[in-house]
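Colleague:
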Amino acid sequence: LKNILTYNKEFPFDVQPVPLRKILAPGEEEHLEFEEDDEEGGAGAGSPDSFPARVPGTLLPRLPSEPGMTLLTINIEKIGLKDAGQCIDPYITVSVKDLNGIDLTPVQDTPVALRKEDTYVHFNVDIEIQKHVEKLTKGAAIFFEFKHYKPKKRFTSTKCFAFMEMDEIKPGAIVIEL
């Protein structure tokens, strides 16, 4: 996790196009469901051609700097899971929510993980939080949902999640328990 203050950012800077993300009504989450700890012996079964095409992440660019305001960049390095090697097209959804669960910033998906190694899924990706830290409401939290595709059931499932409250945000590396 990196807490970055920027006052004199050099211009011009490049802005990358971002894929459109369908806005869903509450409860209408692309057949997403929270996964019970069910073991699927053949998670790798099926041909890769049968997997649905996924948008390669919906990460947004850094906000323009404002004097006296703090920009927050979160680097997701890796996630440790006992069955990391069996996860198909794993990615993390990052959202910032208030006390009532209302999104305060656009929801962002990381690209599919770079690699899977032993009990780790490696991402090494930066998430630019789309609101200055000082403008987030009291009680806001940042949520991380680990998702992967289940070919047998033909949908994307939330395997686990974690969150950070604003008082936990500080410069440097932080380990979050799932």
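Here our numbering is used: position 65 in the sequence shown is 65, and no number is missing along the way.
Virtual Cβ for every residue (Gly too), placed ideally from N, Cα, C.
Since the model is a prediction, treat every value here as computed from it, not as a measurement.
For the beta strand (DSSP E) that Pro175 lies in, which residues bound it at each end?
Modeller: Sequence index remark: in the sequence shown, residue 175 carries index 175 (1-based). It is worth fixing the name first, because residue 175 is Val in this sequence and not Pro. Segment: none, Val175 is in no beta strand (DSSP E) and carries neither H nor E.
Colleague: Using only CA atoms, which one of Met69, Leu60, Val94 and Thr137 lies nearest to Phe143?
Modeller: Indexing the sequence shown from 1 puts residue 143 at position 143. The shortest C-alpha separation from Phe143 is found at Val94.
Colleague: Tell me the DSSP secondary structure of Gln130 in three-state form.
Modeller: As a position in the sequence shown, residue 130 is number 130, starting the count at 1. Gln130 falls in the coil class under three-state DSSP.
Colleague: Tell me the residue span of the beta strand (DSSP E) that contains Lys78.
Modeller: Counted from its first residue, the sequence shown places residue 78 at position 78. Thr70 to Gly80 is the span of the beta strand (DSSP E), which, as asked, contains Lys78.
Colleague: Is Ile102 buried or exposed, if buried means 16 or more other CB atoms sit within 10 Å of its CB?
Modeller: Locating residue 102 in the sequence shown gives position 102, where the first residue counts as 1. Per the 10 Å Cβ criterion, exposed.
Colleague: Sorted by chain position, which residues of the same chain lie with C-beta nearer than 8 Å to Met69's C-beta, five sequence neighbours on each side aside?
Modeller: For the purposes of this step, residue 69 is identified with residue 69 of the sequence shown, where counting begins at 1. Cβ within range, chain order: His132, Val133, Glu134 and Lys135.
Colleague: Mind checking Ala141: buried by the 16 CB within 10 Å criterion, or exposed?
Modeller: As a working mapping, residue 141 is identified with position 141 in the sequence shown. With 16 or more Cβ atoms within 10 Å of its Cβ, Ala141 is classed as buried.
Colleague: Whole angstroms is fine: what's the gap from Ala84's alpha carbon to His148's?
Modeller: By one-based count along the sequence shown, residue 84 stands at place 84. By one-based count along the sequence shown, residue 148 stands at place 148. Rounded to whole angstroms, Ala84 to His148 spans 10 Å at the Cα level.
Colleague: With DSSP run on the structure shown, which of helix, strand or coil describes Asp103?
Modeller: Residue 103 sits at position 103 when you count from the first residue of the sequence shown. DSSP places Asp103 in strand when its eight states are reduced to three.
Colleague: Please go through the same chain and pick out, in chain order, the residues whose beta-carbon is closer than 7 Å to the beta-carbon of Met164, but skip the five residues on each side of it.
Modeller: In the sequence shown, residue 164 corresponds to position 164, counting from 1. Closer than 7 Å at the Cβ level, and outside the excluded window around Met164, lie Ala141, Ile142 and Ile176.
Colleague: Which residues does DSSP pair with Met164 in a beta bridge?
Modeller: Residue 164 sits at position 164 when you count from the first residue of the sequence shown. BP columns for Met164 point to Ile142.
Colleague: Assuming Ile92 and Ile76 form a contact by the criterion Cβ under 8 Å, report the distance between their Cβ atoms to the nearest whole angstrom.
Modeller: On the sequence shown, residue 92 is found 92 positions in, with the first residue counted as 1. On the sequence shown, residue 76 is found 76 positions in, with the first residue counted as 1. Right, their Cβ atoms sit about 6 Å apart.
Colleague: Just grab the DSSP bridge partners of Glu66 for me.
Modeller: As a working mapping, residue 66 is identified with position 66 in the sequence shown. Answer is none; Glu66 lacks a bridge partner.
Colleague: Report yes if the CB atom of Val125 is closer than 8 Å to the CB atom of Thr105, and no otherwise.
Modeller: Here residue 125 is taken as the residue at index 125 of the sequence shown, counted from 1. Here residue 105 is taken as the residue at index 105 of the sequence shown, counted from 1. No. Outside cutoff.
Colleague: Measuring only the C-alpha atoms, how far is Pro64 from Pro151?
Modeller: Residue 64 sits at position 64 when you count from the first residue of the sequence shown. Residue 151 sits at position 151 when you count from the first residue of the sequence shown. Cα to Cα, the separation comes out at about 41 Å.
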